Structures are given as structure tokens and as C-alpha cells.
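Participant:
Numbering (the UniProt record's numbering), first residue to last: 1 to 364.
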């Protein structure tokens with residue numbers, strides 16, 4: 001029951017968290033702030049594996065669960081100090097409060113007018129633009145009357161939203177099906193056959209490298225673009241999958257360790273943090289919840305598939321690194337999908353600009 005409840009809580013927070021971060025982040029640094037979803041996930045993984053390394057004897061594993069519970073309680077208390085999203089407030093006709101919250105989040109002397117105007121523009125009806133929109137916009141900062149939230153079913157069946165849903169689902173599936181969790185989840189058992197005396201410690205080092213590289217590369221999405229980060233990342237993962245397959249097959253221990261570390265570094269540079277940014281940038285405000293739900297649902301399903309079937313498939317293929325040829329092929333296939341289907345969102349004002357649409361969001 002405890003694992004079920006913690007799983008439900010984690011699933012809900014990973015949907016809402018990236019949306020909230022996107023809505024409070026400065027427009028020029030959404031990529032940097034969006035990376036913190038993955039950064040803090042990596043902090044949790046590193047903390048858990050470090051505790052497991054030192055507290056794996058006897059009944060000490062209970063200490064790990066107690067620490068997790070204490071952290072959860074501290075986070076709950078901290079949420080009482082967190083302001084509501086200013087975009088949500090404006091969307092619900094609380095423009096004055098939204099302005100106050102945004103001014104407090106930015107700083108007292110910051111010019112928030114371009115951001116407030118951006119709220120109105122992103123939610124403006126198709127027939128209200130230019131001078132007419134300026135006349136219709138209330139001075140309080142409220143958005144125009146909001147569209148009803150798009151349901152998950154409509155998001156996938158409506159051709160207006162479907163390309164974005166396919167994009168976010170494809171990127172989330174790419175994150176898992178290129179094999180990173182075969183390293184993170186099974187690093188000890190996998191590396192035990194390669195480096196028997198240091199496998200447990202190496203798994204902690206892998207998590208540390210994942211965190212450090214994610215931190216170091218967090219400004220990249222805002223500098224070179226989201227799509228470029230994804231393509232560079234998946235290319236590196238595919239190449240290092242080939243190196244790892246060869247290294248395990250020929251029992252080249254040093255190359256195996258290097259390939260694993262470079263694989264994780266490649267993941268951390270793009271395919272780790274960027275997918276959590278995209279859902280809120282590929283659709284309008286009315287469909288962000290549905291897009292994020294589809295994205296994270298696909299991510300959890302793909303994670304489950306890898307976690308459950310990686311050991312069986314590895315055994316079925318006879319081990320010796322053969323499964324990493326499959327991950328290399330998946331990197332090529334999914335990298336091609338990203339290249340041909342996923343648009344760049346860096347520097348784009350709204351979803352219409354991202355997809356090259358000339359008209360504003362459609363009204364039903």
C-alpha cells in the first residue's frame with residue numbers, strides 16, 4: 001500500500017510540476033528552469049543509491065524509507081510558501097493578484113508588462129487580434145475568457161492538437177527506449193560481470209555523473225535549442241550503445257566503464273531534461289494538461305516496459321551486450337523521428353508560431 005500511494009503521488013507531481021515550472025519561469029530561461037525537473041529527479045536517484053550503498057546491511061534499509069518520508073513531509077510544508085501560478089490566476093480572471101504574484105516572483109523593479117501581454121496573446125481568440133485585441137484586453141491583466149480545457153481524448157483525436165501529442169509522446173518514449181534505465185536500474189547487476197569489485201560504487205558514480213552533466217548542460221536548451229539538444233543527445237547514446245555492446249562482447253572492461261559513463265552523459269545533455277519542457281511549448285494553455293498527461297503516461301509505460309522486460313530480453317539474447325545493439329537501433333529510429341517530426345520551440349512566442357500556423361488557436 002505504501003508503494004502504491006507513493007507511486008500515485010510521484011505520478012501526479014511529475015505531471016503538475018513541469019507545468020508549474022514552465023508557468024513561473026522567465027520567458028528567456030524556460031529551458032534552464034524546465035531542466036530542474038530532471039535535475040531534482042537525478043538528485044533523488046543519487047541520494048537513494050548513495051544511501052543504499054551505505055545502508056544495505058540487515059534492517060538498515062528502513063532508514064532509507066524513513067528519510068524519504070521525512071523529505072516528503074518537508075516538501076508538503078514548503079508548498080504552503082509557494083505562490084499560485086500567475087498564469088493560472090490570470091486565466092481564472094484574477095488579474096490583479098496574478099500581477100502581484102508575478103512581480104514578486106520576478107523582482108520589484110522588473111518590467112512584467114511584456115509577459116502580461118503575452119498571456120493575453122496566447123489565449124486570444126482567432127478573430128481578436130491587433131488593435132481590436134488591445135481594446136478588448138482588460139487593464140487588470142486577465143486573459144480573454146478562457147477556452148475549456150482540452151481533454152486527453154480530444155487532444156489525440158483532434159487534428160489541431162494531434163501533431164503535438166505525437167511529438168511529446170514520441171520524445172518521452174525515446175527517453176526510455178534508448179536504454180538509459182537499463183543502466184540506471186540494473187547498473188549493479190549489469191556491471192557486476194564487468195567490474196565485479198566496483199559495480200555498486202560505479203552505480204553511484206553513474207548517478208553522480210548524470211546529475212553533474214544535467215546541471216552543466218541545463219543552459220543548453222536556451223542556447224542551441226531544444227531540438228538540437230535532443231538530436232545531439234540521442235546520437236551520443238546510440239554511438240555509446242554500440243561501444244558498450246562491443247566492449248561487453250569482447251570483455252573490454254575499461255571500455256565498458258567508459259561507454260557507460262559517456263552514455264549517461266549523453267542522456268543528461270538532452271534527452272534527460274528536454275522532454276519535460278516540450279509539452280508546455282507545443283500546445284496552447286488550454287491543452288497543456290492533456291499534453292503533459294499523455295507525455296508522462298507514455299513515459300511511465302515505457303519505463304515499466306524497460307524495467308520488466310530488459311532482464312528477460314537480455315537473457316533471451318544470451319547476454320554479452322547483444323541487447324545494446326537493439327538500443328543502438330532504437331536510437332537511430334527514434335532520432336529520425338525527432339529530426340522529421342519534432343519542431344524547434346526555442347524563441348517561439350506560442351504554439352501557433354512553433355507549428356507555423358498563420359491563424360490563432362481555433363475556437364469551437
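Even glycine gets a Cβ: it sits at the ideal position worked out from N, Cα and C.
In this text the structure is predicted, and so the values were computed from the model without any measurement.
(1) Using 8 Å as the threshold, is the region 38–47 in touch with the region 201–212, meaning 3 or more CB pairs across them?
(2) Evaluate residue 57 with the Cβ neighbour count: other Cβ atoms within 10 Å of its Cβ, from every protein chain shown; 16 or more gives buried, anything less gives exposed.
(3) Go through the region 252–334 residue by residue and report every complete run of the beta strand (DSSP E) that reaches 3 residues or more, in order.
(4) Once you ignore the five residues that flank residue 55 on each side, which residues in its own chain have a CB closer than 7 Å to its CB?
(5) Here's the rule I'm using: 16 or more other beta-carbon atoms within 10 Å means buried, otherwise exposed. How should residue 7 be labelled?
(6) State the start and end residues of the unbroken alpha helix (DSSP H) segment that holds residue 162.
(7) For the 8 Å Cβ check, are there 3 or more pairs between the region 306–314 and the region 255–275?
(8) Nearest to residue 256 by alpha carbon, out of 239, 11, 215, 348?
(9) Can you have a look at residue 23 and say buried or exposed, based on whether 16 or more other CB atoms are within 10 angstroms of its CB?
(10) Less than 8 Å between the CB atoms is what I'm expecting for residue 86 and residue 98, so what's the real figure, rounded?
(11) Indicate the three-state DSSP secondary structure (helix, strand or coil) for residue 79 in the structure shown.
(12) Where residue 59 and residue 71 are concerned, what is the direct C-alpha to C-alpha distance, given to the nearest angstrom?
(13) Residues in the same chain with beta-carbon distance under 7 Å from residue 339, minus the five sequence neighbours each way, listed in chain order, please.
(14) For residue 287, tell me which candidate among 164, 103, 102 has the shortest Cα-Cα distance.
(15) Across the region 23–38 and the region 272–280, are there enough close Cβ pairs to call them in contact, namely three or more that are closer than 8 Å?
(16) Beta-carbon within less than 6 Å of residue 88's beta-carbon, same chain only, minus the 5 sequence neighbours each way: which residues are those?
(17) Determine, using beta carbons only, whether residue 68 and residue 291 come nearer to each other than 8 Å.
(18) Between the Cα of residue 20 and those of 79, 221, 170, spot the shortest distance and give me the residue it belongs to.
(19) If contact is defined by three or more beta carbon pairs under 8 Å, each pair taking one atom from either stretch, is the region 211–231 in contact with the region 325–333?
(20) Helix, strand or coil for residue 30 per DSSP?
(21) Among 266, 242, 301, which one has its Cα closest to the Cα of residue 320?
(22) Which one of 117, 109, 74, 107 has the shortest CA to CA distance from residue 90?
(23) Can you give me the C-alpha to C-alpha distance between residue 300 and residue 93, rounded to a whole angstrom?
(24) Quick one: Cα of residue 343 to Cα of residue 355, how far?
Facilitator: Looking at the atomic coordinates:
(1) Contact holds: three or more Cβ-Cβ distances are below 8 Å.
(2) Your numbering for residue 57 matches position 57 in the chain shown. By the neighbour-count rule (16 or more Cβ atoms within 10 Å), residue 57 is not buried but exposed.
(3) Listed in chain order, there is nothing to give.
(4) Working through the chain shown from its first residue, we reach residue 55 at position 55. The beta carbon of residue 55 sits closer than 7 Å to the beta carbons of 61, 63, 64 from its chain, once the five residues preceding and following it are set aside; these are given in chain order.
(5) For the purposes of this step, residue 7 is taken as the residue at position 7 of the chain shown. The residue is exposed, with fewer than 16 neighbouring Cβ atoms inside 10 Å.
(6) As a position in the chain shown, residue 162 is number 162, starting the count at 1. Residues 162–177.
(7) The answer is no - the region 255–275 does not touch the region 306–314, with fewer than three Cβ pairs under 8 Å.
(8) Translated into positions along the chain shown, residue 256 becomes position 256. It is 239 whose Cα lies nearest to the Cα of residue 256.
(9) For this step, residue 23 is matched to residue 23 along the chain shown. Result: buried.
(10) Translated into positions along the chain shown, residue 86 becomes position 86. Translated into positions along the chain shown, residue 98 becomes position 98. That pair is a contact at about 4 Å.
(11) Locating residue 79 in the chain shown gives position 79, where the first residue counts as 1. Helix.
(12) Taking the chain shown and counting its residues from 1, the one referred to as residue 59 is at position 59. Taking the chain shown and counting its residues from 1, the one referred to as residue 71 is at position 71. The alpha-carbon atoms of residue 59 and residue 71 are separated by roughly 20 Å.
(13) Locating residue 339 in the chain shown gives position 339, where the first residue counts as 1. The answer, listed in chain order, is 231.
(14) Within the chain shown, the letter at position 287 stands for residue 287. When the alpha-carbon of residue 287 is set against those of 164, 103, 102, the nearest one is in 164.
(15) Yes, the region 23–38 is in contact with the region 272–280.
(16) Position 88 of the chain shown, counted from the start, is the residue given in the question as residue 88. Taken in chain order, the list of residues that qualify is empty.
(17) Taking the chain shown and counting its residues from 1, the one referred to as residue 68 is at position 68. Taking the chain shown and counting its residues from 1, the one referred to as residue 291 is at position 291. Not closer than 8 Å, so no.
(18) By one-based count along the chain shown, residue 20 stands at place 20. If we check each option's Cα against that of residue 20, 79 comes out closest.
(19) No, because fewer than three Cβ pairs between the region 325–333 and the region 211–231 fall closer than 8 Å, the two stretches do not touch.
(20) Locating residue 30 in the chain shown gives position 30, where the first residue counts as 1. For residue 30, the three-state secondary structure derived from DSSP is helix.
(21) Numbered from 1 along the chain shown, position 320 holds the residue referred to as residue 320. Closest by alpha carbon: 242.
(22) Here residue 90 is taken as the residue at index 90 of the chain shown, counted from 1. Checked all of 117, 109, 74, 107; the closest Cα to residue 90 is 117.
(23) Residue mapping note: residue 300 aligns to position 300 of the chain shown, counting from 1. Residue mapping note: residue 93 aligns to position 93 of the chain shown, counting from 1. So the two alpha carbons sit approximately 34 Å from each other.
(24) Position 343 of the chain shown, counted from the first residue, corresponds to residue 343. Position 355 of the chain shown, counted from the first residue, corresponds to residue 355. Each residue's alpha carbon lies about 7 Å from the other.
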